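These protein sequence lines map, in sequence, to chains F and A.
Heads up, the first sequence is in our numbering, so the first residue is 1 and it goes up one at a time.
Heads up, the second sequence is in our numbering, so the first residue is 1001 and it goes up one at a time.
Ideal placement from N, C-alpha and C gives every residue a C-beta, glycine not left out.
Remember, it's a predicted structure, so these values are computed and weren't measured experimentally.
Each remark here refers to the structure printed beneath this line.
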Amino acid sequence: MTTTAVQETTYREAVREAMREAMQRDERVFLMGEDVGRYGGGFGVSLGMIEEFGEVRVRDTPLSESAFVGAGIGAALGGMRPIVEVMTVNFVMLAMDQIVNTAAALRHMTGGQFSVPLVIRMTTGGGRQLAAQHSHSLENWFAHVPGLRVLAPGTIEDARCMLWPALLDPDPVVIVEHGSLYNAKGPAPTPGTEVDIDRAVVRRPGDDLTLVTYGGSLGLVLDAAERLAVEGISAEVIDLRVLRPLDSAAVAESVCRTHRAVVVDEGWRTLGMSAEVSARIMEDCFYDLDAPVDRVCTQEVPIPYAKHLEEAALPSVERVLTAARGAVGRDG
Amino acid sequence: MSAARRKEAAATSGSHAVAHAPDRDALYERMLLVRRFEERCVELYSSGLIRGFLHLYIGEEAVAVGVLDHLREDDAVVATYRDHGQALVRGVPIGPVMAEMLGKAEGVCRGRGGSMHLFHAPTRFYGGNGIVGGGLPLAIGLGLADRMQGRDRVTVCFFGEGAMAEGEFHESINLAALWRLPVLFLCENNLYAMGTALDRSESETNLAVKAASYEVPAWSCDGMDVLAVWEAARRAVELVRDSGGPVFLEAKTYRFRAHSMYDADRYREKAEIEHWRERDPLLLLRTTLLADGATEKDLEAVDARVTAVIDEAVAYAEAGTDEPVDELLTFVTSGR
Ligand SMILES: Cc1ncc(C[n+]2csc(CCOP(=O)(O)OP(=O)(O)O)c2C)c(N)n1
Ligand SMILES: [Mg+2]
Chain F
1 MTTTAVQETT YREAVREAMR EAMQRDERVF LMGEDVGRYG GGFGVSLGMI
51 EEFGEVRVRD TPLSESAFVG AGIGAALGGM RPIVEVMTVN FVMLAMDQIV
101 NTAAALRHMT GGQFSVPLVI RMTTGGGRQL AAQHSHSLEN WFAHVPGLRV
151 LAPGTIEDAR CMLWPALLDP DPVVIVEHGS LYNAKGPAPT PGTEVDIDRA
201 VVRRPGDDLT LVTYGGSLGL VLDAAERLAV EGISAEVIDL RVLRPLDSAA
251 VAESVCRTHR AVVVDEGWRT LGMSAEVSAR IMEDCFYDLD APVDRVCTQE
301 VPIPYAKHLE EAALPSVERV LTAARGAVGR DG
Chain A
1001 MSAARRKEAA ATSGSHAVAH APDRDALYER MLLVRRFEER CVELYSSGLI
1051 RGFLHLYIGE EAVAVGVLDH LREDDAVVAT YRDHGQALVR GVPIGPVMAE
1101 MLGKAEGVCR GRGGSMHLFH APTRFYGGNG IVGGGLPLAI GLGLADRMQG
1151 RDRVTVCFFG EGAMAEGEFH ESINLAALWR LPVLFLCENN LYAMGTALDR
1201 SESETNLAVK AASYEVPAWS CDGMDVLAVW EAARRAVELV RDSGGPVFLE
1251 AKTYRFRAHS MYDADRYREK AEIEHWRERD PLLLLRTTLL ADGATEKDLE
1301 AVDARVTAVI DEAVAYAEAG TDEPVDELLT FVTSGR
């Protein structure tokens, strides 16, 4: 692969390349999880890695989320740099004890004696007709917890480039990958690209309002911004991409300039990321706001199976457009 | 570690060279240290200096003392919220342990952990865990790191029989057996999980049988007799180290005190407690030592030595300072 032409890749391949690179760079890095080896990963992310790195470094675990996430914690304490893959954010609920009570708490609870340099990756989100036990966006649960860093790569570049700095972080990092992104195609990032795992990023500059989003919703928000431009509304799009610690400054900088904001989040509205972001906008930009902050979230329902029902539950371009028009006073 | 802490650690260090015959005097002294330490904790709790949950190990001392004698300095220990005995016997410095109980900045965890969450990196003491069963996945992970890095270290994970009903026990021992991880699963069966007796929580009350179903060598020992624990643990630790795979050892023991200081102990008969007290591990070893020629005076001298160590630890803790509130948010993340 010495060609200089821009390579096409997918989000799935980008995550895989990131893991391959990390394992080549640091022999302490290994991957474990359910079906990451012979099966190639529940979503095909680690396909081929067991052949390349062998069974010791690409470890198929039994169905025991708590044990293998906790084993990742212990292995990190023992000097390794584990990447633990949990198939979906719904299944990671079975390992919540280890993540919240141990991984996140350990540094503080031990007065700084121990840290847990562990990366936990998982799929999140809906849109694939997998219904109520495989489709939720529960990343806000992790973003609630002091001691964790939570990343939501919404682009191929972030998928490719966030893993290495996450592995260098001495603290536990949760990475949520939206399931509908795996097949997304785009140019492969140039080798050596560095991305920030502290800060949000402006994906599209604009003046009339700010659309704040992350992860799987980024694409539809960018589509909505494009359509708004046609209507003469200039929307700035902020991709949070780091859900904890939240980069409020980036959001405030934009909203204080545009005076209007809509938060788009595939999680539920109640106590979700959107609630936190809008509270921070209120705290940081109250006197600069020209309209109430609006939110586009998933309807408060366990995600249904039927296609039309699922679509009705999830954020859509149309719902973003409606909220954006409302925010700039162009509704109806 | 500060110079003061290093000195403290040296003075009370319990990390011993692995022995082939038990040093009975040393075992006695260590059990007594744990017993007297906790008796002092009760006083400090009554006077309000120790707060929160306080789980006493009184009656169970033979287990930690008999087991930990077989560990090397580079081995690791994972314990539960009932962790004072394991911490002291492992050699976590007693002054900082007491300071932790008092919530002082000089505590092992700088006052963040308290009684249930004692941790100490230099002795590879990985807690203290307030979650029943929560230490098991962590312990097998330490074993996994050793296995992957080709080290012959052993991780001992203590847990109560109550934890054997938790999924984390089953998930962890299965994974340890499957991957052959060098972990000693050390079950302290004191017959109760808070107020729930073993036969009210386990369908199979023979715990070694239960563990053996995971293809793990498993057996039981008399947890009140420190020499029996010592011998069983010697075999167990050797087997883990030599085979590189897990072993399960059940120590049949009993706690003489309530589950914690909050517990009114309504769920068991006084006669049952009295019956077990006749097999107090200190009493048993004391009888043996006296029969073997020790004198009452010798044993009094041990008591005096232990008491002096504890007095000093309490003084150290009481002289401790409060962590400045400015430091509240320190250690949440590395602040990378
Ligand atoms: C996951 C969890 N559930 C419940 C509790 C409350 N709790 C604390 S100790 C305990 C009993 C545990 O018994 P056992 O494992 O036998 O240990 P022992 O206290 O007898 O040493 C319970 C139920 C807890 N701390 N964690
Ligand atoms: Mg018990």
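Among Gly1114(A), Asp1069(A), Ile1131(A), Leu1191(A), nearest to Ala1317(A) - alpha-carbon criterion: Here residue 1317(A) refers to the residue found at position 317 when the second sequence is read from its first residue. Of the candidates Gly1114(A), Asp1069(A), Ile1131(A), Leu1191(A), Gly1114(A) places its Cα closest to the Cα of Ala1317(A).
Count the other C-beta atoms from every protein chain shown that fall within 10 angstroms of the C-beta of Asp1280(A), then say buried if there are 16 or more, exposed otherwise. Against the second sequence, residue 1280(A) aligns to sequence position 280. So Asp1280(A) ends up on the buried side.
If you drop the 5 nearest sequence neighbours on each side, which residues of the same chain put their C-beta closer than 6 Å to that of Ala327(F)? What you label residue 327(F) is simply residue 327 of the first sequence in a count that begins at 1. Taken in chain order, the residues that qualify are Leu209, Arg260, Val262, Ala291, Asp294.
DSSP state of His108(F) mapped onto helix, strand, coil: Looking up residue 108(F) in the first sequence gives position 108. Correct three-state label for His108(F): helix.
From Gln1086(A), Leu1056(A), Ile1050(A), Phe1125(A), pick the residue whose C-alpha is nearest to that of Gly1103(A); which is it? Taking the second sequence and counting its residues from 1, one reaches residue 1103(A) at position 103. It is Ile1050(A) whose Cα lies nearest to the Cα of Gly1103(A).
Using a Cβ-Cβ distance under 9 Å, would Leu1056(A) count as near chain F? Counting from 1 along the second sequence, the entry for residue 1056(A) is found at position 56. No, no contact with chain F.
Comparing the C-beta of Met1098(A) with each C-beta of chain F, is any distance below 9 Å? Position 98 of the second sequence, counting from 1, holds the residue named residue 1098(A). Output row for Met1098(A): interface = no.
By the 10 Å Cβ neighbour count, where 16 or more other Cβ atoms means buried, how is Glu157(F) classified, buried or exposed? For the purposes of this step, residue 157(F) is taken as residue 157 along the first sequence, with counting starting at 1. That one is buried.
Short of 7 Å Cβ to Cβ, which residues in the segment 81-104 of chain F face chain A? Asp97, Gln98, Asn101, Thr102
Does any CB atom of chain F fall closer than 9 Å to the CB of Gly1167(A)? On the second sequence, position 167 is the one that residue 1167(A) refers to. Chain F, which has a Cβ nearer than 9 Å to the Cβ of Gly1167(A), makes this yes.
From the DSSP output, which residues share a beta bridge with Asp265(F)? By 1-based counting over the first sequence, the position of residue 265(F) is 265. Looking at the DSSP output, Asp265(F) bridges to Cys297(F).
Return the Cβ separation of Val242(F) and Asp288(F) in integer angstroms, given the expectation that the two are a contact with Cβ distance under 8 Å. What you label residue 242(F) is simply residue 242 of the first sequence in a count that begins at 1. What you label residue 288(F) is simply residue 288 of the first sequence in a count that begins at 1. In fact, because the Cβ distance is near 23 Å, the residues do not count as touching under 8 Å.
Please say whether His1120(A) and Tyr1081(A) have beta carbons closer to each other than 9 Å? By 1-based counting over the second sequence, the position of residue 1081(A) is 81. By 1-based counting over the second sequence, the position of residue 1120(A) is 120. No, Cβ-Cβ distance for Tyr1081(A) and His1120(A) is not below 9 Å.
Quick check on the DSSP output: what are the complete beta strand (DSSP E) runs of length 3 or more inside the segment 65-117 of chain F, in order along the chain? 81-88
Measuring alpha carbon to alpha carbon, tell me which residue in Ser1260(A), Pro1022(A), Thr1321(A), Leu1186(A) is nearest Ala1064(A). By 1-based counting over the second sequence, the position of residue 1064(A) is 64. Nearest of Ser1260(A), Pro1022(A), Thr1321(A), Leu1186(A) to Ala1064(A), Cα basis: Leu1186(A).
Compile a chain-ordered list of the residues in the segment 153-181 of chain F whose CB is closer than 7 Å to at least one CB of chain A. Residues of the segment 153-181 of chain F with a C-beta atom less than 7 Å from some C-beta of chain A are Asp169, Pro170, Asp171, listed in chain order.
Of the residues Gly1150(A), Leu1299(A), Leu1088(A), which one's Cα is nearest the Cα of Arg1286(A)? Here residue 1286(A) refers to the residue found at position 286 of the second sequence. Cα-wise, what sits closest to Arg1286(A) is Leu1299(A).
Using a 10 Å radius around the Cβ and a threshold of 16 neighbouring Cβ atoms, would you call Gln133(F) buried or exposed? Taking the first sequence and counting its residues from 1, the one referred to as residue 133(F) is at position 133. Around the CB of Gln133(F), fewer than 16 other CB atoms lie within 10 Å, so the residue is classed as exposed.
Anything with a beta carbon under 7 Å from a heavy atom of ligand 2 counts; list them all in chain order. Gly1160(A), Glu1161(A), Gly1162(A), Glu1188(A), Asn1189(A), Asn1190(A), Leu1191(A), Tyr1192(A), Ala1193(A)
Determine the DSSP secondary structure at Ala5(F), reduced to helix, strand or coil. For the purposes of this step, residue 5(F) is taken as residue 5 along the first sequence, with counting starting at 1. The three-state reading of DSSP puts Ala5(F) in coil, since its state is none of H, G, I, E or B.
Between Ile175(F) and Leu1328(A), what straight-line distance do the alpha-carbon atoms span, to the nearest angstrom? Stepping through the first sequence from its first residue, residue 175(F) is reached at position 175. Stepping through the second sequence from its first residue, residue 1328(A) is reached at position 328. Cα to Cα, the separation comes out at about 27 Å.
Tell me, please, whether the CB atom of Thr1321(A) is closer than 9 Å to any CB atom in chain F? The residue labelled residue 1321(A) in the question sits at position 321 within the second sequence. Cβ-Cβ to chain F under 9 Å: no for Thr1321(A).
Can you confirm whether Glu1171(A), when its beta carbon is compared against all beta carbons of chain F, has any partner nearer than 9 Å? Taking the second sequence and counting its residues from 1, the one referred to as residue 1171(A) is at position 171. Yes - at least one Cβ of chain F is within 9 Å of the one on Glu1171(A).
For Asp208(F), is the beta carbon positioned less than 8 Å from some heavy atom of ligand 1? Here residue 208(F) refers to the residue found at position 208 when the first sequence is read from its first residue. Asp208(F) Cβ: outside cutoff for every heavy atom of ligand 1.
Mark Phe1262(A) as exposed unless 16 or more other C-beta atoms lie within 10 angstroms of its C-beta, in which case mark it buried. Taking the first residue of the second sequence as 1, we reach residue 1262(A) at position 262. Per the sequence presented here, residue 1262(A) reads as Tyr, with Phe not at that position. By the neighbour-count rule (16 or more Cβ atoms within 10 Å), Tyr1262(A) is not buried but exposed.
Using only the alpha-carbon positions, how far apart do Gly1135(A) and Trp1219(A) sit? To locate residue 1135(A), count along the second sequence from 1; it is residue 135. To locate residue 1219(A), count along the second sequence from 1; it is residue 219. Straight-line Cα distance between these residues: approximately 21 Å.
Determine, using beta carbons only, whether Gln113(F) comes closer than 9 Å to chain A. Locating residue 113(F) in the first sequence gives position 113, where the first residue counts as 1. Gln113(F) counts as touching chain A.
Listing by chain order, which chain F residues have their CB less than 7 Å from the CB of Ala1139(A)? The count along the second sequence starts at 1 and reaches residue 1139(A) at position 139. Within chain F, the residues near Ala1139(A) are Gly74.
Range covered by the alpha helix (DSSP H) that runs through Pro219(F): Along the first sequence, read from residue 1 onward, the residue named residue 219(F) stands at position 219. The sequence as given places Gly at residue 219(F); Pro does not occur at that position. Start and end: 218-230.
Just reading off the alpha helix (DSSP H) that Gly1066(A) is part of, what are its end residues? As a first step, residue 1066(A) must be located in the second sequence, where it is residue number 66. Element bounds for Gly1066(A): 1061-1068.
When burial is assigned at 16 or more other CB atoms within 10 Å of the CB, is Met122(F) buried or exposed? Here residue 122(F) is taken as the residue at index 122 of the first sequence, counted from 1. Counting Cβ neighbours within 10 Å, Met122(F) comes out buried, since at least 16 surround it.
Against Gly79(F), what residues of chain A qualify as contacts under a CB-to-CB distance less than 8 Å, listed in chain order? Stepping through the first sequence from its first residue, residue 79(F) is reached at position 79. Contact note: Gly79(F) reaches chain A through Ala1145, Gln1149, using a C-beta cutoff of 8 Å and chain order.
Consider the Cβ of Ala1271(A): report whether some Cβ of chain F lies at a distance smaller than 9 Å. Here residue 1271(A) refers to the residue found at position 271 of the second sequence. No - not a single Cβ of chain F is within 9 Å of the one on Ala1271(A).
Pop quiz: Asn1190(A) and Gly1160(A) are said to be a contact at Cβ under 8 Å. What is the actual Cβ separation, rounded to whole angstroms? Residue 1190(A) sits at position 190 when you count from the first residue of the second sequence. Residue 1160(A) sits at position 160 when you count from the first residue of the second sequence. Confirmed, about 7 Å.
Would Gln98(F) pass as a contact of Pro1122(A) if the rule is Cβ separation under 9 Å? For the purposes of this step, residue 98(F) is identified with residue 98 of the first sequence, where counting begins at 1. For the purposes of this step, residue 1122(A) is identified with residue 122 of the second sequence, where counting begins at 1. Going by C-beta atoms, Gln98(F) is not nearer than 9 Å to Pro1122(A).
Drop a sphere of 10 angstroms on the beta-carbon of Phe114(F), count the other beta-carbons inside from all chains shown, and report buried for 16 or more, exposed for fewer. Residue numbering aside, residue 114(F) sits at position 114 when the first sequence is read from its first letter. The residue in question, Phe114(F), is buried, as its Cβ has 16 or more Cβ neighbours within 10 Å.
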